[in-house]
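Number of protein chains: 2
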Amino acid sequence: MKKIKIAFLGHGNVGGGSCEILSENMELISKRIDKEIIVSHILVSNMDKPRKWPTLGAKLTDSFEEILNSDVEIVVEALGGIEPAASYMEKALKSGKHVVTANKAALAAKYPVLMAAAKDSGVSLLFEASVGGGIPALSAILGNLRGNRFFEVSGILNGTTNYILTKLGNERLAYEDVLKRAQELCFAEADPTADVEGIDAANKLSILISLCFDKYVHPEDIPRKGISDITLDDIEAAKSQGKKIKLLGTARVKESFELTDAPKSANNSLEIDYFVEPVAIDETHPLFNVDNEYNGILIRGDAVEDVMMYGKGAGPLPTGSAVVGDILKIAENL
Amino acid sequence: MKKIKIAFLGHGNVGGGSCEILSENMELISKRIDKEIIVSHILVSNMDKPRKWPTLGAKLTDSFEEILNSDVEIVVEALGGIEPAASYMEKALKSGKHVVTANKAALAAKYPVLMAAAKDSGVSLLFEASVGGGIPALSAILGNLRGNRFFEVSGILNGTTNYILTKLGNERLAYEDVLKRAQELCFAEADPTADVEGIDAANKLSILISLCFDKYVHPEDIPRKGISDITLDDIEAAKSQGKKIKLLGTARVKESFELTDAPKSANNSLEIDYFVEPVAIDETHPLFNVDNEYNGILIRGDAVEDVMMYGKGAGPLPTGSAVVGDILKIAENL
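Protein chains in written order, with the working numbering: chain A, 1 to 334; chain B, 1 to 334.
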């Protein structure tokens, strides 16, 4: 059985969760792809820290150069943050290594540069875990839905804010109290700005726009409104109309049309609107019942019409599921 | 740009809908996969019948042998029914042609034979459209979710019965009256047996079992109960408990477990339960809001936890979306 050597950059929740899946399911996975995955190196910042997750016999290192100069074929970037993650990915791609990442911030900020590096080197850059955690939405857009001209992509793309909005809707608690509880449950970070101000959702929407509309929009250029101004009165007003307030990231073509009279624009040069903002939706909306920390992504195409996917948008194992799926996709073709 | 010749067997709703998508979106599709799709032949039963759908310059023929002996690389089976569809697919695979099909009945009945033929010839047999119409669930199970050990797959797999059950729940009409209306709207066939008795759902569940659990169960061996005995009283009783009756096709491992204590069974030899039957589900169930002619498929894996996908389970264009997606997946790798 052919062996495929891979390396992880980072061994926190995403890298560690992926290693946990590889550790538990390796025999099943090897059978499915008829290849053996060897975790050769793991880049960590502190070599002496006790490890929470399995290391699968990998060599721990604090030197990215060591991984870059090794014979690993796939580099899995699980550091988070824009730098040094983006530079590491670019270097790995340029040196002919395939890259898998869960890092929406780095990807959204540097998408054109990273895609160009992958293309120039003839290697893959896969990033299913960067949007919607375990939900295989990007694979669908780039895969089986590829015969469609896309009209719209819209999603509940951030689990933290969806948890807060759900709790605000179900219990008469103030925003600050719900945020505090979310932080206690580790659904929100100590500094919740990126979540509650819609920055995280904008990163993910930027990636979805690239895939659906073949157009790059920097996340800072996406009009954005977060949830920190939402009051209990807003929630109650929506409720009285049978609605829920959801933080949606949406991109849609300005004009809607049916398949048969869709403009034949091969380069997808249609004008699109895009925004991240709280929207009151009613029960006829496919995302109405996506509650708590779940994510949901609605895709509208001229042939498939509406497809909605729902699942856990975060967490070591759901996110790891998407990372491992990408690793296997590349490994299978090596 | 490399040209890929394909042939359609059948030019009804599925074959025709696929041709419509190829016709409308060809320029976009060619750009996406960097190949040109040429529809070389279309097998029809009546050469003289006026065509409802685009033929894309293909040669119409009533001879399958002509297609078998041609240089087409992909055969798209869109005839429906078990025979001659299954025999045609087997012959095409054995002659080294890739096959795409939407035909759940033929596939469920002959899965081991057809998969063996594909494997022996080193060609692909893809069938996303056979389950859930346009919903890319099979691509997810075989693709990005492949790092998971699956616990359960459960779905509203038949749009006709879901339409009938939804109408029974919303309006106080007798089963026969709703069925008649469904037939008038073309949501049900003149002979609705395969739908209302759960035969169609059992075919789809057989396919899902093969993919999730690496185990073939003939659809006739799946315990099955349809919806024709459902009374308004049943519906009202469910409603009074906040529930809806849905026809579910479900397969699940007998014992549930968390990732970390999952039995390490590489050959997926876990015992599974499977059945098609009407089930009363409450609003906490991810399939609760899948109404009318929509389908929904819930997948539970040890890493990803719950993923649910929702979309149109039938219709020329949604089904065609899945067929075209499969064609492009094969064409891209040729």
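Glycine residues also receive a C-beta, built at the ideal position from the N, C-alpha and C atoms.
Just to confirm, is the Cβ distance from A/L60 to A/I42 under 8 Å? Their beta carbons are under 8 Å apart, which means A/L60 touches A/I42 by this criterion.
Just the C-alpha distance for A/K31 and A/I38, rounded to the nearest angstrom, thanks. Rounded to the nearest whole angstrom, the C-alpha separation of A/K31 and A/I38 is 14 Å.
List the residues of chain B whose Cβ lies closer than 7 Å to the Cβ of A/P286, in chain order. The contact set of A/P286 on chain B, defined by CB atoms closer than 7 Å, consists of Y310 in chain order.
Determine, using beta-carbon pairs with one atom in the region 281 to 300 of chain A and one in the region 242 to 256 of chain A, whether at least three such pairs fall under 8 Å. A contact exists between the region 281 to 300 of chain A and the region 242 to 256 of chain A.
When Cβ atoms are compared, which residues of the region 117 to 145 of chain A fall closer than 7 Å to chain B? So the close ones are E128, G134, I135, P136, S139, A140, G143, N144 and L145.
Suppose the cutoff is 6 Å on Cβ atoms and the five residues either side in sequence are ignored; what does the same chain contact list for A/I299 look like? Taken in chain order, the residues that qualify are V153 and V307.
Measure from the alpha carbon of A/I6 to the alpha carbon of each residue in A/L328, A/P136, A/A202 and A/V75, then state which is nearest. Between A/I6 and the set A/L328, A/P136, A/A202 and A/V75, the nearest pair of CA atoms involves A/V75.
Can you name the start and end residues of the beta strand (DSSP E) that A/L168 belongs to? Careful: A/L168 lies outside any beta strand (DSSP E), inside the alpha helix (DSSP H) at G159 to N170.
Is A/E305 close to chain B? Criterion is C-beta to C-beta, closer than 8 Å. Chain B, which has a Cβ nearer than 8 Å to the Cβ of A/E305, makes this yes.
Classification of B/N46 by the beta-carbon crowding that lies within 10 angstroms, buried from 16 upward: B/N46 is classed as exposed because its beta carbon has fewer than 16 other beta carbons within 10 Å across all chains shown.
Counting only beta-carbon separations shorter than 8 Å, does B/R149 have a partner in chain A? Output row for B/R149: interface = yes.
Please list the terminal residues of the continuous beta strand (DSSP E) segment that includes B/Y274. The continuous beta strand (DSSP E) containing B/Y274 extends over residues I272 to D282.
Which value, in whole angstroms, describes the spacing of the CA atoms of B/D214 and B/I207? Going from the Cα of B/D214 to the Cα of B/I207 covers about 10 Å.
Are the C-beta of B/I42 and some C-beta of chain A separated by less than 8 Å? In terms of beta-carbon proximity, B/I42 stays away from the interface with chain A, with every pair separated by 8 Å or more.
Where B/V304 sits in the DSSP three-state scheme: Coil, per DSSP.
On the premise that A/A129 lies in contact with A/V14, defined as a C-beta separation below 8 Å, what is that separation, rounded to the nearest angstrom? Contact holds; Cβ gap of about 7 Å.
Rounded separation between B/D416 and B/N148 - CA only: In the structure displayed, chain B extends from 1 to 334; residue 416 of chain B sits before or after that span and is not available.
Three-state secondary structure assigned by DSSP to A/G336: Here chain A covers residues 1 to 334 and nothing more, so residue 336 of chain A does not appear.
Could you check if A/K49 is buried or exposed, using at least 16 other CB atoms within 10 Å of its CB as the buried criterion? In summary, A/K49 is exposed, with fewer than 16 beta-carbon neighbours lying within 10 Å of its beta-carbon over all protein chains present.
Residue(s) in a DSSP beta bridge with A/I74: BP columns for A/I74 point to A/I6 and A/H98.
Taking only three categories from DSSP, how would you classify A/R51? Here A/R51 sits in coil by DSSP.
If you reduce the DSSP assignment to three classes, tell me which class A/T61 lands in. If DSSP states are grouped into helix, strand and coil, A/T61 belongs with the strands.
Between which two residues does the beta strand (DSSP E) containing A/L43 stretch? Counting along the chain, the unbroken beta strand (DSSP E) around A/L43 starts and ends at K35 to L43.
What residue from B/V324, B/G159 and B/S240 has the CA that sits closest to B/R25's CA? The amino acid occupying residue 25 of chain B in the given sequence is Asn; Arg does not appear at that position. Distance check between B/N25 and each of B/V324, B/G159 and B/S240 places B/V324 closest, using alpha-carbon atoms only.
Simplified DSSP state of A/G12, which is helix, strand or coil: It is coil, neither helix nor strand.
Anything in chain A within Cβ reach of B/L334, meaning under 7 Å, just list it in chain order. Contact annotation for B/L334 against chain A: no contact, minimum CB-CB distance about 14 Å [criterion: below 7 Å].
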